[in-house]
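One structure is given below, encoded as structure tokens.
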């Protein structure tokens, strides 16, 4: 008897080592890695190769980010650590190095999604290695379908690539503002491959059913870190997106929302001052 093949989805590698408890209700932090957690530069193909060859010890976190991640994980209740996930466009072959880097920094991680570059190469989809909209929306929706309805997403990225528009689109999906043909039309404008448009629309419907959002959606906040302190793309047109200069400003914003305490803000600010290149 022949098996039934699984529906198509974007090639990715998703691992959830510590699933969220079904009764959990509260924040879930989802971070990008390159240029958000780690200080990397990916402007050219050779930058990708150089990054892939780095050891965990070679990799450097952005100033202040490690104490900020510790503070978010602690939350306001030490007995109830907040779940932390990463969605990165790095390939699965880097998972051991990335997990080792997290261990060096003392950051427990519930799960991590990575983009399957080899599968894309095998399918001759070279452009998708540098495009991230289809991949990251797929990963976010796959994770969301696993989480309890009480989980509330806090999304963190940078302005160096596509994080702002990806997160804003995901927020619209979870608010019920984009679905079906309207979602596929939006994805077409974002130059998402037709196969991925249909797959994402299906994943969105599955996530809405498996983990129904409350009125107003499940995304609590979107924070985008500027990669160039002298400026960057205009993001004012994207609803729900808050732009910050560095980890210190992000810490202050999170304290205003009650996610971390004033002592954590002081620790992060001191780390930024100490680690910032002069």
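Residue numbers (this note's numbering): 603 to 880. Heads up, the beta-carbon is just placed ideally off N, CA and C, and yes, glycines get one too.
Cα-Cα separation, residue i to residue j
{"i": "residue 854", "j": "residue 701", "result": "28 Å"}
{"i": "residue 749", "j": "residue 611", "result": "19 Å"}
{"i": "residue 826", "j": "residue 732", "result": "19 Å"}
{"i": "residue 676", "j": "residue 833", "result": "32 Å"}
{"i": "residue 608", "j": "residue 615", "result": "15 Å"}
{"i": "residue 830", "j": "residue 848", "result": "10 Å"}
{"i": "residue 868", "j": "residue 633", "result": "22 Å"}
{"i": "residue 859", "j": "residue 686", "result": "18 Å"}
{"i": "residue 875", "j": "residue 765", "result": "26 Å"}
{"i": "residue 603", "j": "residue 797", "result": "With a pLDDT of only 48 at residue 603, under the threshold of 50, the placement of this residue in the model should not be trusted, and no figure is reported."}
{"i": "residue 655", "j": "residue 699", "result": "10 Å"}
{"i": "residue 707", "j": "residue 877", "result": "15 Å"}
{"i": "residue 740", "j": "residue 773", "result": "13 Å"}
{"i": "residue 681", "j": "residue 862", "result": "15 Å"}
Coarse secondary structure for residue i, derived from DSSP in three states
{"i": "residue 841", "result": "coil"}
{"i": "residue 760", "result": "strand"}
{"i": "residue 692", "result": "coil"}
{"i": "residue 822", "result": "strand"}
{"i": "residue 861", "result": "coil"}
{"i": "residue 718", "result": "coil"}
{"i": "residue 681", "result": "coil"}
{"i": "residue 543", "result": "Residue numbering for the chain in the displayed model covers 603 to 880; residue 543 lies beyond these limits and cannot be assessed."}
{"i": "residue 846", "result": "strand"}
{"i": "residue 830", "result": "coil"}
{"i": "residue 870", "result": "helix"}
{"i": "residue 730", "result": "helix"}
{"i": "residue 706", "result": "helix"}
{"i": "residue 603", "result": "Caution applies to residue 603, whose pLDDT of 48 falls short of 50 and renders its modelled position unreliable; the value that the coordinates give is listed next. Of the three classes helix, strand and coil, the one that applies to residue 603 here is coil, per DSSP."}
{"i": "residue 780", "result": "coil"}
Selection from the options that minimises the alpha carbon distance to residue i
{"i": "residue 743", "options": "673, 832, 857, 799", "result": "799"}
{"i": "residue 737", "options": "727, 747, 717", "result": "717"}
{"i": "residue 709", "options": "715, 681, 730, 674", "result": "674"}
{"i": "residue 629", "options": "730, 780, 683, 613", "result": "683"}
{"i": "residue 620", "options": "661, 613, 688, 635", "result": "688"}
{"i": "residue 711", "options": "746, 672, 730", "result": "672"}
{"i": "residue 802", "options": "821, 822, 780, 719", "result": "780"}
{"i": "residue 807", "options": "659, 873, 746, 697", "result": "746"}
Classification of residue i by the beta-carbon crowding that lies within 10 angstroms, buried from 16 upward
{"i": "residue 678", "result": "exposed"}
{"i": "residue 713", "result": "buried"}
{"i": "residue 639", "result": "buried"}
{"i": "residue 787", "result": "exposed"}
{"i": "residue 838", "result": "exposed"}
{"i": "residue 728", "result": "exposed"}
{"i": "residue 870", "result": "buried"}
{"i": "residue 735", "result": "buried"}
{"i": "residue 824", "result": "buried"}
{"i": "residue 593", "result": "Examination of residue 593 is not possible in this model, given that the chain is present from 603 through 880 alone."}
{"i": "residue 767", "result": "buried"}
is_contact[residue i, chain D] using C-beta, thresh 8 Å
{"i": "residue 825", "result": "You won't find chain D in this structure, because it holds only one protein chain."}
Between the segment 690-702 and the segment 663-672, can you find at least three pairs of beta-carbon atoms closer than 8 Å? With a cut-off of 8 Å, the segment 690-702 and the segment 663-672 do not count as touching, because too few Cβ pairs lie within range.
If we count Cβ pairs, one from each stretch, closer than 8 Å, do we get three or more for the segment 791-799 versus the segment 718-726? no
contact_flag[the segment 620-627, the segment 806-815] where n(CB pairs < 8 Å) is 3 or more: Contact between the segment 620-627 and the segment 806-815 is not established, with fewer than three Cβ pairs separated by less than 8 Å.
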